[in-house]
Amino acid sequence: MKCQHCEKPATFHITELTGPEPVEYHLCEDHATKYLHASENAEVPSPTLAGVLAKQLKIGQTAEELARLDKKACPICGITFYEFRHQGRLGCPHDYVCFEQELEPLLVSIHGEKRHVGKQPLVGQQNTADQTELIRLRREMQDAVDREDYEKASQLRDRIRQAEQKQKRGGAA
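Residue numbers (this note's numbering): 69 to 241.
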């Protein structure tokens with residue numbers, strides 16, 4: 069894909085979510101730098117994702133470094149940093165650990181804190197470690213099915229059922 073302003077390859081793909089409709093920009097490094105510096109200088113009541121990422125990624129990063137970062141994936145749910153940047157959602161609680169270095173400046177910039185300090189629900193809280201384990205087991209089972217290793221998939225299915233039963237017993241107690 070080419071830059072919207074010149075013939076260079078677009079290495080930055082920015083989606084602005086500040087207006088009523090999302091607006092996508094496909095820019096080369098030079099035009100992305102100009103765009104992100106302009107968004108930093110403009111007085112905006114709340115920080116834009118583009119502005120926050122610009123500060124975090126320190127625009128001087130090379131396209132190779134950005135590509136390497138985008139390929140980083142969570143070993144539990146498999147979401148890549150690229151998918152997070154485009155969807156704005158993480159895949160599982162373990163992503164906060166996996167992408168800690170990348171998320172910390174983003175969270176501090178947006179929320180002013182890197183840990184939750186607000187209210188938490190009293191009802192319906194589940195052990196995130198158990199939830200993460202279920203996500204990992206389901207992913208492994210799907211991988212086994214894709215590889216046509218049905219024996220391994222059936223073993224994983226049984227482990228998933230045991231984990232789900234354990235959660236139900238823990239929730240009813």
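The beta-carbon is built from N, C-alpha and C at its ideal position, and this holds for glycine as well.
Just so it is clear, the structure is predicted and the values come from calculations on it, not from any experiment.
| Asked | Found |
| --- | --- |
| Restricting to runs no shorter than 4 residues, where is the alpha helix (DSSP H) found entirely within the segment 202-228? | none |
| Could you spell out where the beta strand (DSSP E) holding L95 opens and where it closes? | V91 to L95 |
| Quick check on V112: buried or exposed, where buried means 16 or more other Cβ atoms within 10 Å of its Cβ? | Residue placement at V112 cannot be trusted, given a pLDDT of 47 that sits under 50; the coordinates are not used to answer. |
| Let me check understanding here. Comparing Cα to Cα, which of Q210, C145, F149 and K76 lies closest to L137? | F149 |
| CA-CA distance, V213 and R229? | 17 Å |
| What do you get for P88, buried or exposed, if any count of 16 or more other CB atoms within 10 angstroms of its CB means buried? | exposed |
| Do C166 and C142 have their C-beta atoms closer together than 7 Å? | yes |
| Put A106 into one of helix, strand or coil per three-state DSSP. | helix |
| Mapping the DSSP letters down to three states, classify V78 as helix, strand or coil. | Strictly speaking, residue 78 in this sequence is Ala, with Val absent from that position. In the structure shown, A78 sits in coil (DSSP, three-state: anything other than H, G, I, E or B). |
| Measure the CB-CB distance between D198 and Q233 and report whether it falls below 7 Å. | no |
| Which residues in the same chain have their Cβ closer than 6 Å to the Cβ of C71, if we skip the five residues on either side of it in sequence? | A78, L95, C96 and H99 |
| With which residues is K70 paired in a DSSP beta bridge? | P77 |
| For a test of the three-state rule: what should DSSP assign to E151, helix, strand or coil? | helix |
| Quick one: give me the first and last residue of the alpha helix (DSSP H) that Q68 is part of. | This structure cannot speak to residue 68, because the chain is shown only from 69 to 241. |
| So what's T200 in DSSP terms, helix, strand or just coil? | helix |
| Would you report the Cα separation of Q223 and P90, rounded to the nearest angstrom? | 44 Å |
| Is the CB-CB distance between K182 and L174 below 7 Å? | no |
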